[in-house]
Amino acid sequence: MKSFLFTLPILLLAFSCANQTENSSSTLEGKADQYSIRIAVGSCNKVDQINVFWDDIAEQHPEAFVWSGDIVYADSDDIRVIQAEYNKQKEIKAYAELSEQTQIFGTWDDHDYGKNDGGQEFELKEESQQALLDFLDVPQENDRRAQEGVYTSHILENDYGTVELLMLDTRYFRSSLVPDTENGRRYKANTDTSTTLLGEKQWMWLEEKIENSQANFLVIVSSIQLLSNQHQFEKWENLPHEREKMIALIKRFADKNIFVVSGDRHISEFSSMPIGAQKQLIDFTSSGLTHSYSSFSGEPNPFRVKEVVSDPSYGIIDFNLKENLVHAYMMGDDKEVQQELKVNY
Numbered sequence: 001m002k003s004f005l006f007t008l009p010i011l012l013l014a015f016s017c018a019n020q021t022e023n024s025s026s027t028l029e030g031k032a033d034q035y036s037i038r039i040a041v042g043s044c045n046k047v048d049q050i051n052v053f054w055d056d057i058a059e060q061h062p063e064a065f066v067w068s069g070d071i072v073y074a075d076s077d078d079i080r081v082i083q084a085e086y087n088k089q090k091e092i093k094a095y096a097e098l099s100e101q102t103q104i105f106g107t108w109d110d111h112d113y114g115k116n117d118g119g120q121e122f123e124l125k126e127e128s129q130q131a132l133l134d135f136l137d138v139p140q141e142n143d144r145r146a147q148e149g150v151y152t153s154h155i156l157e158n159d160y161g162t163v164e165l166l167m168l169d170t171r172y173f174r175s176s177l178v179p180d181t182e183n184g185r186r187y188k189a190n191t192d193t194s195t196t197l198l199g200e201k202q203w204m205w206l207e208e209k210i211e212n213s214q215a216n217f218l219v220i221v222s223s224i225q226l227l228s229n230q231h232q233f234e235k236w237e238n239l240p241h242e243r244e245k246m247i248a249l250i251k252r253f254a255d256k257n258i259f260v261v262s263g264d265r266h267i268s269e270f271s272s273m274p275i276g277a278q279k280q281l282i283d284f285t286s287s288g289l290t291h292s293y294s295s296f297s298g299e300p301n302p303f304r305v306k307e308v309v310s311d312p313s314y315g316i317i318d319f320n321l322k323e324n325l326v327h328a329y330m331m332g333d334d335k336e337v338q339q340e341l342k343v344n345y
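Heads up: the sequence shown runs through residues 1 to 345, numbered per my numbering.
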């Protein structure tokens, strides 16, 4: 494993890099230290393919495992198909064992929502919402059952402070995307400012949550990438006014320690954007758990930090509440560290 340390002048970032072209013996063993809250994250999981990571995650003892979307691949207009895929996932022994020892939180992306690249137009969204909440064992009396959309928050704590998870719903309210037929690309920016990604109620909820949070760290979980903005697939930039609104909101509360987790892409990467004189916004894309973009040969991302991991992977994130430090890892099989990033706040 090659390691190097450097500091960006305005960001005070420390990086430690694992070179994919070399064999690495670096592994992440055991629990986080007493000052840290550890979460594991992952997305893009096909139940008919073997997920080799569940036992590794269990041995790393996260406080929570966080699904950032595509928990299952169940594109269908039949709710029974979606429910059946969730049931298959819950029956996987290693996953069931993990869920007995740690909390499981999650949001959806398109394939567990029920429609590839689907948004507000999906006719089965209400039924699909209940199927997801059933999978996550959300009680019937929970407010999430009655609201429109699956967005929610969770607080994790230890003796040194708290980490608050803000789980977004990027499907239920999302306006239609615009195909880029002229350039032979999947999508182009929809510049109609009346369109939305989160919807009015969710935007109000998110702003209130960020403004009132007393947590040491806020983790925004978005199923699609926030920062990477030049590829042709789903991303916040497909509704550029919504991306600008989100970044403006985060900058407005730059005194908070905000970290973004995303999925969807079948690759893993770190993206970074300055949001203040000495503050950095990180978007940690962790994807996918059972399958990946193995033929990935590159794409522009002006915010990328380090190398893309195009093998199956999951993420581990340690939030050190004593030192105000985040240590994020892209993990391969047998707890092998593929890439890692340290951020001082």
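Ideal Cβ placement from N, Cα and C applies to all residues, glycine included. In this text the structure is predicted, and so the values were computed from the model without any measurement.
Buried/exposed call for residue i, threshold 16 Cβ in 10 Å
i: N23; result: Residue placement at N23 is poorly supported in this model, since its pLDDT is 37, which falls under 50; the coordinates still yield a value, given next. N23 is exposed by the Cβ-count criterion.
i: D264; result: buried
i: Q338; result: buried
i: T181; result: exposed
i: H61; result: exposed
i: K235; result: buried
i: G106; result: buried
i: T21; result: The pLDDT assigned to T21 is 30, lower than 50, so where the model puts this residue is not dependable; a value taken from the coordinates is nonetheless given after this. It counts as exposed.
i: M204; result: exposed
i: K201; result: exposed
i: I250; result: buried
i: K335; result: buried
i: T152; result: buried
i: K322; result: exposed
i: I37; result: buried
i: T191; result: exposed
i: Q140; result: exposed
i: Q129; result: buried
i: A248; result: exposed
i: A96; result: exposed
Bridge-paired residues (DSSP) for residue i
i: M331; result: Y314, V337
i: V47; result: Answer is none; V47 lacks a bridge partner.
i: I220; result: L166, V260
i: S292; result: Paired residue(s): none; S292 is not in a bridge.
i: W202; result: The amino acid occupying residue 202 in the given sequence is Gln; Trp does not appear at that position. None, per the DSSP bridge assignment.
i: M273; result: L281
i: K188; result: V178
i: F105; result: V66
i: R38; result: D318
i: I155; result: E164
i: V138; result: Note: V138 sits in no beta bridge, so no partner.
i: R304; result: S271
i: T27; result: E336
i: V72; result: DSSP lists no partner for V72.
i: V309; result: S268
Pair within 8 Å by beta-carbon distance, residue i and residue j
i: D112; j: I71; result: yes
i: G119; j: G315; result: no
i: G199; j: G149; result: yes
i: V219; j: V261; result: yes
i: K46; j: T290; result: yes
i: V66; j: A40; result: yes
i: L133; j: I104; result: no
i: R171; j: D110; result: yes
i: E211; j: F253; result: yes
i: I197; j: F303; result: Reading off the sequence, residue 197 comes out as Leu, not Ile. In this structure, F303 does not lie closer than 8 Å to L197 by Cβ.
i: I79; j: L28; result: no
Given residue i as reference, the closest of the options once Cα atoms are compared
i: Y187; options: F233, S313, N116; result: F233
i: I82; options: A58, L98, I57, W108; result: W108
i: V305; options: D311, F259, S271, N324; result: S271
i: D56; options: M330, I210, K342, V343; result: M330
i: Q214; options: Q280, I258, G276, I39; result: I258
i: G184; options: H231, T193, P139, L226; result: H231
i: Q280; options: S176, F53, K342, A131; result: K342
i: K88; options: Y73, A248, D78; result: Y73
i: N176; options: S99, S194, M273, L156; result: First, the residue type needs correcting, since residue 176 is Ser and not Asn in the sequence shown. With distances taken between Cα atoms, S176 lies closest to S194.
i: V362; options: E97, S295, N320, F319; result: For the chain, the structure presents residues 1 to 345; residue 362 sits outside this window and is missing.
i: D159; options: R144, V221, F319; result: F319
i: T285; options: A328, Y345, N324; result: A328
Neighbour flag for residue i against chain D, beta carbons, 8 Å
i: I92; result: The question asks about chain D, but that chain is absent: this structure has only one protein chain.
The ligand ZN heavy atom lying under 7 Å from the CB of residue i
i: C44; result: This structure lacks the ligand ZN; in fact it carries no ligand of any kind.
Next item on the list: Taking 8 Å as the threshold, find out whether the segment 313-328 comes into contact with the segment 239-247 through three or more Cβ pairs.
Entry: no
Next item on the list: Take every Cβ of the segment 116-134, pair it with every Cβ of the segment 152-166, and state whether three or more of those distances are shorter than 8 Å.
Entry: no
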